[in-house]
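Participant: Let me begin by handing over the structure; questions about it come next.
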Amino acid sequence: MARLTKKKKEAQAKVDNNKIYSLEEASALLKEITYTKFDASVDLAIRLGVDPRKANQMVRGVVSLPHGTGKDMKVLALVTPDKEAEAKEAGADYVGLDEYLQKIKDGWTDVDVIVTMPSIMGKLGPLGRVLGPRGLMPNPKTGTVTMDVAKAVAEVKAGKIDFKVDKTGIVHAPIGKASFSTDKIIGNAKELLSTIMKLKPTASKGVYVKSIYMSSTMSPSIAIDTKIG
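Using the numbering used here, read the sequence shown as starting at 192 and increasing by one per residue.
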């Protein structure tokens, strides 16, 4: 444990807490201060000038990261028998309906994304208390409730993620892995940030993007200039 603490201190010493880094500087620095033995996730935390308690200031959306997430997203397709083949061909890890509804009811949630069809949403309603807190409830706004199941599954597998501002006004989202090149980290970050900028609620007044921090698993956070062009 002492070795880990030493590495953390060394990583922290490389970050100037009084400096606002450019996206390019932060992406390069992050690779220097990531000390985990596994391939750490890279995340952005964007504090927005919105009041998420008000429906007209909720920020939620989807983005297809150009370089993917670096993670093999486990997808469950809850579909009728006639859609099973296309869901499997598109890469869904689990495909079915009643048996998986029962598994979820029993507490199974070992997936990253659930894709389903409009006609099945009624069956998912009673499972909201299980799926909701884990961010697994399918939603038409994120493209996970659709008749084009194959397309939805393929997009998730290719790097499509959904994000939502939390109750404190912060959007947390993964943008790749520490093993990514700086160019890939920068490209994914820019795609996410530009998407969030387009979603500014008209009811939001004042500064919209208040702060941006980049970090990897267990690394210190790096403050990024909110004016990224």
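From the three backbone atoms N, C-alpha and C, an ideal C-beta is built for every residue, glycine too.
1. Quick one: complete beta strand (DSSP E) runs, 3+ long, within the stretch 261-324?
2. Could you give the distance in angstroms between the alpha-carbon of SER218 and the alpha-carbon of ASP374?
3. Looking only at its own chain, which residues have a Cβ that is under 8 Å from the Cβ of GLY319, when we skip the five neighbours before and after it?
4. Any contact of the stretch 352-361 with the stretch 208-218, i.e. 3+ C-beta pairs under 8 Å?
5. What's the call for THR316, buried or exposed, on a 16-neighbour Cβ count within 10 Å?
6. Check whether the stretch 246-262 and the stretch 282-292 are in contact - that is, three or more C-beta pairs closer than 8 Å.
7. Am I right that ALA394 and LYS199 are in contact with their C-beta atoms under 8 Å? What's the rounded C-beta distance?
8. Is TYR404 closer than 8 Å to ALA414 when the C-beta atoms are compared?
9. Using only the alpha-carbon positions, how far apart do ILE311 and VAL250 sit?
10. Should LYS332 go down as buried or exposed, given a rule of 16 or more other Cβ atoms within 10 Å for buried?
11. By a C-beta neighbour count over all protein chains shown, 10 Å radius and 16 as the cutoff for buried, is GLY367 buried or exposed?
12. Which runs of the alpha helix (DSSP H), 4 residues or longer, sit entirely within the stretch 323-349?
13. Looking at the strands, I want to know which residues DSSP matches up with GLY252.
14. For the candidate residues MET409, ILE377, ASP230 and LEU267, whose alpha-carbon lies nearest to that of ALA421?
15. Go through its chain and collect everything with a Cβ distance to GLY240's Cβ below 7 Å, but skip five positions before and after it.
16. Starting from the C-beta of LEU292, find all residues in its chain whose C-beta is less than 8 Å away, skip the five residues before and the five after it, and write them out in chain order.
17. Tell whether a beta-carbon distance below 8 Å holds between ALA278 and ALA341.
18. Using the beta-carbon count (16 or more within 10 Å), is THR307 buried or exposed?
19. Could you give the first and the last residue of the continuous beta strand (DSSP E) run that contains ILE413?
20. Per DSSP, which residues does MET481 bridge with? Please list them.
21. For THR225 and ALA349, what's the separation of their Cα atoms in angstroms?
Facilitator: A quick look at the data gives this:
1. 266-269, 285-287 and 304-307
2. 8 Å
3. MET328
4. no
5. Going by the sequence as given, residue 316 is Gly instead of Thr. Classification of GLY316: exposed, given that the 10 Å Cβ count is below 16.
6. no
7. With a Cβ gap of about 41 Å, ALA394 and LYS199 do not count as contacting.
8. yes
9. 26 Å
10. exposed
11. buried
12. 340-349
13. PHE354
14. There is simply no residue 421 to check, as the chain begins at 192 and stops at 420 in what is shown.
15. SER395, GLY397, VAL398, TYR399 and LYS401
16. LEU269, LYS314, LEU315 and LEU318
17. yes
18. buried
19. 413-415
20. Look at the range of the chain in this structure, 192 to 420, and you will see that residue 481 is not part of it.
21. 25 Å
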